[in-house]
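*Asks:* Can you keep this structure in mind? I'll have questions shortly.
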Amino acid sequence: MEFLDAYPKKAVDAFRKGLEYRKQKKNEDALKTFEMAIHVAPGFYQAHNQLGILYKEVGRNDDAKNETYIVENPSGEQLKDVIEMRDQLLKAKETGRP
Numbered sequence: 023m024e025f026l027d028a029y030p031k032k033a034v035d036a037f038r039k040g041l042e043y044r045k046q047k048k049n050e051d052a053l054k055t056f057e058m059a060i061h062v063a064p065g066f067y068q069a070h071n072q073l074g075i076l077y078k079e080v081g082r083n084d085d086a087k088n089e090t091y092i093v094e095n096p097s098g099e100q101l102k103d104v105i106e107m108r109d110q111l112l113k114a115k116e117t118g119r120p
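Sequential numbering from 23 applies to the sequence shown in the numbering used here.
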């Protein structure tokens with residue numbers, strides 16, 4: 023998952039832990055770790071997406087809608103993060119290095 027290189031290690035670790043918790047059906051733990059990932063890296067779209075899906079699964083529909091809105095309507099700062107991540111990935115492909 024190359025896109026993870028664009029985010030702080032602490033956020034990525036929380037995101038990965040959240041994915042593991044989801045596989046284990048530990049929804050409360052997964053919610054907390056996805057929320058932590060977003061706290062560390064507010065523009066972490068994949069974490070927002072996973073959190074939105076999980077909110078929907080546990081019946082927190084309003085929270086799910088909020089996360090969906092964030093993913094579909096990024097703020098200026100979040101767009102900056104996405105552009106920076108894209109540039110890093112393009113540079114890595116051009117140079118053959120991360």
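Every residue gets a Cβ at the ideal spot worked out from N, C-alpha and C, and that includes glycine. In this text, all values refer to a predicted model and were calculated from it rather than measured experimentally.
D85 and Y77 look like a contact to me (Cβ under 8 Å); what is the Cβ gap, rounded to whole Å?
*Replies:* Confirmed, about 4 Å.
*Asks:* Tell me which residues share the same chain as T55 and place their Cβ nearer than 8 Å to its Cβ, disregarding the 5 neighbours each side in the sequence.
*Replies:* A36, F37, K39, G40, Y43
*Asks:* What is the residue span of the alpha helix (DSSP H) that L73 lies within?
*Replies:* 67-79
*Asks:* Determine the closest residue to K32 out of A52, V62, G74, with distance taken between C-alpha atoms.
*Replies:* When the alpha-carbon of K32 is set against those of A52, V62, G74, the nearest one is in V62.
*Asks:* For M58, I'd like the list of residues in its chain whose CB is within less than 6 Å of its CB, leaving aside the five on either flank, ordered along the chain.
*Replies:* A36
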